[in-house]
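With the numbering used here, letter number 207 in the sequence shown gets 207, and the count goes up by one each step, no holes.
Every residue gets a Cβ at the ideal spot worked out from N, C-alpha and C, and that includes glycine.
Comments concern the structure below.
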Amino acid sequence: MASRVCSALALAAMLLLAVQPAQCASGRKLLQGEPVPISDTTEQTPVEGSESAAAAQAINEFGDALFEILASQANPAEGGGQIISPFSIAQALGMLLNGVEPGSDSAEQIRSLLGGALPLNEINVALGALTDELLQPNEEVGLRISNANSAWIKDSYTWQEAYQAALQTYFNATLEQLSTAQAVNDWVSEATRGKITEIVNDDIVQQAVLMLVNAVYFKGQWANQFDKEATKGETFNLADGKTLQAAMMAQKFDQGRLQYQVLEGAAMDGVPIQCPAVRLPYNGFTYSAIVSMPAGNLTVDNGQVALETEVGAIPYAEALNACRQAVSASLSPSMAGGNWPAADSPVNLYLPRFEIEFSANLNEALQALNVTAPFVPGDLTQMAEMDGQPATDLAVSDVIHKTYEKVDELGTEAAAVTVIAVGTSAPVETNPPIDLRFDRPFVFDIVHDATGLALFIGDIYKPEEWTA
1 MASRVCSALA
11 LAAMLLLAVQ
21 PAQCASGRKL
31 LQGEPVPISD
41 TTEQTPVEGS
51 ESAAAAQAIN
61 EFGDALFEIL
71 ASQANPAEGG
81 GQIISPFSIA
91 QALGMLLNGV
101 EPGSDSAEQI
111 RSLLGGALPL
121 NEINVALGAL
131 TDELLQPNEE
141 VGLRISNANS
151 AWIKDSYTWQ
161 EAYQAALQTY
171 FNATLEQLST
181 AQAVNDWVSE
191 ATRGKITEIV
201 NDDIVQQAVL
211 MLVNAVYFKG
221 QWANQFDKEA
231 TKGETFNLAD
241 GKTLQAAMMA
251 QKFDQGRLQY
261 QVLEGAAMDG
271 VPIQCPAVRL
281 PYNGFTYSAI
291 VSMPAGNLTV
301 DNGQVALETE
311 VGAIPYAEAL
321 NACRQAVSAS
331 LSPSMAGGNW
341 PAADSPVNLY
351 LPRFEIEFSA
361 NLNEALQALN
371 VTAPFVPGDL
381 TQMAEMDGQP
391 ATDLAVSDVI
401 HKTYEKVDEL
411 GTEAAAVTVI
421 AVGTSAPVET
431 NPPIDLRFDR
441 PFVFDIVHDA
451 TGLALFIGDI
461 YKPEEWTA
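The structure is reproduced here in structure tokens:
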């Protein structure tokens, strides 16, 4: 039995997108605040061509590839969504890269992800420049952003001098003794303001000789906050064809007050997927959230949601991936916050609250991206030594990634941790208003405007359930 989502959106003179359930088209009253003018978002100067922009592009590309592999292995019916921080993973891989044999397979494979043909020193400089660009907190407007690195080693080993210098110089890493999982987890909890409290267990620590840990924390308040009085329970379509009453936030934007465009996703059976997208700035106007989803009627077939097109229904997961790719293609310094177009109609925006945790072992996904050599002993010869001799039998045993993200009426809070464990063996009201209702799984990215870096990328499958 099919169910439909069937309300038309007038996006331009000839474009119609269905994104509002018919049962919700009864004219619910929205509360309206004082929207920030779009011109205020142009404070960020695009840095196209800079070292930080080049690093951001490389990280975005490998983040997209990694995310797609993880998404292909995920079951959207289980869990609330999938979120990763490519920047956090890149920081950990950057620390690892400095400890591998120059010219080895491991070096070339990691370099291909982080900087292509760039030599190691230029990758280090580019990552450092990008980090400096990102870390510009503004407590006065509620923007908090931090990045922390640490390196942990068993007391029977010592760091090689050059590697220790690289960790401290390029990554500002603290050097710690690896003894218990609790010590690592305590460091992670402090670095993420308590949002991620456990990343490793005793078994992982027991088998590891050393660990490289990165932690990223972000907290931003919306430039245009949602009013809690306007949040109501509304239908959200889950990936398995079921529905729930989500806590749906709502806000009305006058014409020209919301950055909005329809991105064109990859064609499915010859039909391009239309992806309405909004860019919601955080206070301080250095970061924005980009939210997008496939537009069109939904149908349920064999317990899975599909998107109806001119040539038939296609799996919704494929359409969502097409929108993710379209969002990624829009991330560049030339499309910095102020360069997104403003909606030429009023927009009634509906976005569900959510709070999601995600974790994954990245071993298989990295190997699918041809990063295989670090998992085999032989190349990690520049990291540690034992009894005054270089340790030549080291290999990566685990790459663990964990994220947290919460979105509500006030803004967004997010955290990410990446651990690389290394052991001695490998395992205008002239137009009708647009009702943009995110009532189905959607893309949610946190983006640094000037560089185009996607600090966090995610697919949200199941938002917060509404309770009156």
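Ranked by how close their Cα comes to the Cα of GLY284, the residues PRO86, MET386, ASP449 have ASP449 in first place. Residue range 86 to 97 is occupied by the alpha helix (DSSP H) that includes ILE89, with no beta strand (DSSP E) assigned at that position.
Assigned with DSSP and collapsed to three states, GLN225 falls in coil, not helix or strand. Membership of VAL184 in the alpha helix (DSSP H) is indicated by the continuous run 181 to 191.
Distance from the CA of GLN207 to the CA of THR243, rounded to the nearest whole angstrom, comes to 44 Å.
ARG144: member of the beta strand (DSSP E) spanning 144 to 153, first to last residue. Between LEU410 and GLN136, the alpha-carbon positions lie close to 20 Å from each other.
By the Cβ criterion, the stretch 53 to 67 is in contact with the stretch 109 to 116, since at least three pairs of Cβ atoms, one from each stretch, lie closer than 8 Å. For ILE196 against VAL184, the beta-carbon gap comes to about 11 Å, at or over 8 Å, which does not count as contact. Cβ-Cβ separation between THR235 and GLN245: approximately 7 Å, consistent with a contact (criterion under 8 Å).
Apart from the 5 residues on each side of it in sequence, GLY312 sits with its Cβ closer than 8 Å to the Cβ of ASP269 in its chain, given in chain order. LYS402 and ALA414 have their C-alpha atoms spaced approximately 11 Å apart. DSSP places GLN261 in the uninterrupted beta strand (DSSP E) bounded by 259 to 268. From the listed residues ILE420, ASP186, THR381, LYS219, the smallest Cα separation to GLU139 is found for LYS219.
C-alpha of GLU61 to C-alpha of ILE69: approximately 13 Å in a straight line. With contacts defined as CB atoms closer than 7 Å, THR231 and MET249 qualify as a contacting pair. Scanning its chain for C-beta atoms nearer than 6 Å, with the 5 sequence neighbours on each side dropped, one finds around PRO76 the residues ALA239, TYR461, in chain order. Non-local beta-carbon contacts of ASN124 in its own chain, meaning distances under 6 Å to residues more than five positions away in sequence, involve TYR170 in chain order. In the structure shown, the three-state DSSP call for ASN214 is strand. Between the C-alpha atoms of THR372 and LEU366 there is a straight-line separation of about 7 Å.
For ASP105, the secondary structure class from DSSP, reduced to helix, strand or coil, is helix.
Burial of ASN147 is indicated by the presence of at least 16 other C-beta atoms within 10 angstroms of its C-beta. Selection GLU357, LYS228, GLU364, VAL291 evaluated against ALA468 yields LYS228 as nearest (Cα-Cα). With a cutoff of 7 Å on beta-carbon distance, ILE153 and GLY458 are scored as not near each other. Within the same chain, Cβ atoms closer than 6 Å to the Cβ of ASP254 are found at PRO346, the five residues on either side in sequence being excluded.
Contact annotation: PRO281 and ALA343 have beta-carbon atoms that are not nearer than 7 Å.
LEU298: member of the beta strand (DSSP E) spanning 298 to 301, first to last residue. If you draw a 10 Å sphere on the C-beta of PRO119, you find fewer than 16 other C-beta atoms in it, and that means exposed. Judged by DSSP in its simplified three-state form, PRO374 adopts helix. Between ALA215 and THR192, the C-beta spacing is below 7 Å. In this structure, SER359 is the residue among THR451, ASP393, SER359 with its C-alpha nearest to the C-alpha of GLU78. Going by C-alpha positions, ALA55 is about 12 Å away from ASP132. Here GLY452 is buried: its Cβ has 16 or more other Cβ atoms, across all protein chains shown, within 10 Å. Per DSSP, reduced to three states, the secondary structure at ILE110 is helical. With fewer than 16 other Cβ atoms inside 10 Å of its own Cβ, GLU355 counts as exposed. Residue burial annotation: LEU175 is exposed, with fewer than 16 other C-beta atoms found within 10 angstroms of its C-beta.
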